[in-house]
Amino acid sequence: MPQPADRVLPPIPGDDSARVAHLCDLGLLDSPPEPVFDRLTAIAREHLGTRQALLSLVDANRQWFKSVAGPLEARQTPRQDAFCAWAILAAEPMVVEDAAADPRFADNPLVLGEPFIGFYAGAPIRSGGFTIGTLCVLDRQPRRLDDAGRRLLAQLADTAAEIIGLRRRDEERIAIGDMLDAAVEEAYLFDVHADRVVYANAGGLQRIGCGDEEIGRLGPARVSPAYDRRNLVRIIDALRDGKPWIVSECEHLRRDGGRYPVETRFVRAVRDGRLSDRLLVVIARDITARKEAERELAYRAHHDNLTGLANRYLLEDRFEAARRRLRRKGAMIGIALIDLDRFKEVNDTWGHDAGDAVLMRVAGLMGAAVRPSDTVARVGGDEFVVLLDDLDEAAQAAAICDRLRAALDGIVVGGLPPGVVSASIGHAVATDASVTLDALMKLADSRMYADKL
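Shown next, in the form of structure tokens:
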């Protein structure tokens, strides 16, 4: 597309050729979506309240989106149009509060046309000494981003960089030429036909708790139940069909019987100068830390950052599960909507720390007042929703709401006058499995406002 003669284009860093080479070497460009990165963009979009959140990688002539949260058909744009091509030049998050008023972007095609960027904020993602892209958020309307939002964006970008760095180091460690080196955590040689462990390196011997003299008496299933003979034969057959290696995940057994997750790489061993049809090299690395990090990211993607309650995404998932049970069992489900009265007064008078203390106190009180099967969610600044699952009768929902009113009556938070905040509650129940969450919340909302009167 021809560009206006006076259009401002992003500068190209002096080390850009090396930067792009490093990016290509990471193997991220044009790769399939991955949940671990999708969780990061989902967190950014939800907590910053924007239309889209992206993990953008800036290639030589384009920006390509590894992850997209929100409505966006494009998966890449020309680099000269990319806001991220500017953001990778800075060490701190770049924020454009009003794109149409910024001379760098006023005549940008992404401002004048889809996705009609009015606001942009992007934090740099660094790898190998280079900035390879950003974790960014977009909106159609101009807006501001406070310090807390900037910190969150930078933290999510740093998390993406950590994940990329871990993978990079792991790939370097398991290069084929060094597979059986002592630096590898665990390495094994299996005789698949004999169902026997032929060799284990020091790391493998330590994990399974035996010595060199014992290893030949063990079967591969002693290392992992996933290594039963049938599975290993399938792997050998797949490798014979032309695959250079196979990567998978499973659990290994410790000497005490405990289990831990590993990523494994299988290759055929070389015997007498030829690839063997029975000897299989297995390289494994402990991925406990990565799994824990992914679980933490999954938790953060589905829970409110301040209170630890479910967020809107988790509430929707739980509601759909409740609807499926309703369809099978024919019981009923309900929604209770809780709004804090005079909460703005707390923030304005005593500050946001006091407001946060109130929200955390309310979250604890509500969690104690409902049943274990119910889901308490924070869906707005001072708005909470309780999903009442598997109700026997409508009166049961009313009784739970009475307990919530009692729990939230005269809320006491240290440093604040007793009862400075109160709660209004409305609820609705349904026996029709076709009911939607929005419809139930709308009905509960009307009843909540009646409760305020």
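Residue numbers (the UniProt record's numbering): 1 to 453.
Every residue, glycine too, gets a C-beta built ideally from N, C-alpha and C.
Short Cβ contact (9 Å threshold) for residue i with residue j
| i | j | result |
| --- | --- | --- |
| residue 405 | residue 423 | yes |
| residue 337 | residue 385 | yes |
| residue 54 | residue 137 | yes |
| residue 14 | residue 45 | no |
| residue 135 | residue 40 | yes |
| residue 63 | residue 82 | yes |
| residue 397 | residue 334 | yes |
| residue 132 | residue 26 | yes |
| residue 271 | residue 283 | no |
| residue 105 | residue 19 | no |
| residue 153 | residue 121 | yes |
| residue 307 | residue 359 | yes |
| residue 232 | residue 280 | yes |
| residue 400 | residue 369 | yes |
| residue 199 | residue 215 | yes |
| residue 413 | residue 361 | yes |
| residue 357 | residue 415 | yes |
| residue 489 | residue 87 | Residue 489 is absent from the structure shown; the chain starts at 1 and stops at 453. |
| residue 149 | residue 239 | no |
Boundaries (first-last residue) of the alpha helix (DSSP H) holding residue i
| i | result |
| --- | --- |
| residue 227 | Premise fails: residue 227 is in no alpha helix (DSSP H) and is neither H nor E. |
| residue 86 | 84-87 |
| residue 349 | 343-350 |
| residue 288 | 288-302 |
| residue 375 | It is not in any alpha helix (DSSP H) - residue 375 instead sits in the beta strand (DSSP E) that spans 375-378. |
| residue 400 | 394-408 |
| residue 316 | 312-329 |
| residue 208 | 202-208 |
| residue 213 | 212-215 |
| residue 17 | 16-25 |
| residue 465 | Residue 465 falls outside the range modelled here, since the chain spans only 1 to 453, and no answer is possible. |
Cβ-based neighbour list, residue i, same chain, cut-off 7 Å, excluding 5 preceding and 5 following
| i | result |
| --- | --- |
| residue 139 | 50, 51, 118, 119 |
| residue 72 | 52, 115 |
| residue 110 | 77, 81, 117 |
| residue 248 | 264 |
Inter-residue Cα distance where the pair is residue i and residue j
| i | j | result |
| --- | --- | --- |
| residue 275 | residue 285 | 24 Å |
| residue 35 | residue 42 | 10 Å |
| residue 222 | residue 244 | 26 Å |
| residue 346 | residue 352 | 8 Å |
| residue 449 | residue 383 | 13 Å |
| residue 391 | residue 341 | 28 Å |
| residue 375 | residue 126 | 38 Å |
| residue 167 | residue 128 | 12 Å |
| residue 75 | residue 28 | 14 Å |
| residue 217 | residue 253 | 17 Å |
| residue 23 | residue 59 | 7 Å |
| residue 8 | residue 31 | 31 Å |
| residue 94 | residue 250 | 41 Å |
| residue 267 | residue 246 | 7 Å |
| residue 107 | residue 161 | 32 Å |
| residue 290 | residue 159 | 12 Å |
| residue 236 | residue 277 | 7 Å |
| residue 294 | residue 256 | 26 Å |
| residue 339 | residue 123 | 34 Å |
| residue 350 | residue 343 | 11 Å |
| residue 229 | residue 197 | 11 Å |
| residue 442 | residue 436 | 10 Å |
| residue 188 | residue 332 | 55 Å |
| residue 210 | residue 373 | 46 Å |
| residue 102 | residue 381 | 31 Å |
Chain-order list of residues whose beta-carbon lies under 8 Å from that of residue i (same chain, five-residue window excluded)
| i | result |
| --- | --- |
| residue 320 | none |
| residue 165 | 127 |
| residue 85 | 10, 58, 63, 79 |
| residue 407 | 365, 366, 368, 369 |
Neighbourhood of residue i by C-beta distance below 6 Å, restricted to the same chain and skipping five residues each side
| i | result |
| --- | --- |
| residue 219 | 195 |
| residue 444 | 335, 337, 426, 427, 428 |
| residue 314 | 302 |
| residue 378 | 304, 307, 309, 384 |
| residue 61 | 79 |
| residue 38 | 67 |
| residue 11 | none |
C-beta neighbour in chain C for residue i, strict 9 Å
| i | result |
| --- | --- |
| residue 92 | Judged by its chain identifiers, the structure shown contains no chain C, having just a single protein chain. |
Unbroken beta strand (DSSP E) run spanning residue i, endpoints
| i | result |
| --- | --- |
| residue 66 | 62-69 |
| residue 455 | Missing from the structure shown is residue 455; the chain here goes from 1 to 453 and no further. |
| residue 384 | 383-391 |
| residue 193 | That residue, residue 193, is in no beta strand (DSSP E); it is neither H nor E in DSSP. |
| residue 76 | 76-78 |
| residue 72 | Unbroken run through residue 72: none, as it is neither H nor E. |
| residue 423 | 422-430 |
| residue 247 | 246-253 |
| residue 54 | 52-58 |
| residue 95 | 94-96 |
Whole runs of the alpha helix (DSSP H) within the stretch 112-175, excluding any shorter than 4 residues: Within the stretch 112-175, complete alpha helix (DSSP H) segments of at least 4 residues are found at 147-173, given in chain order.
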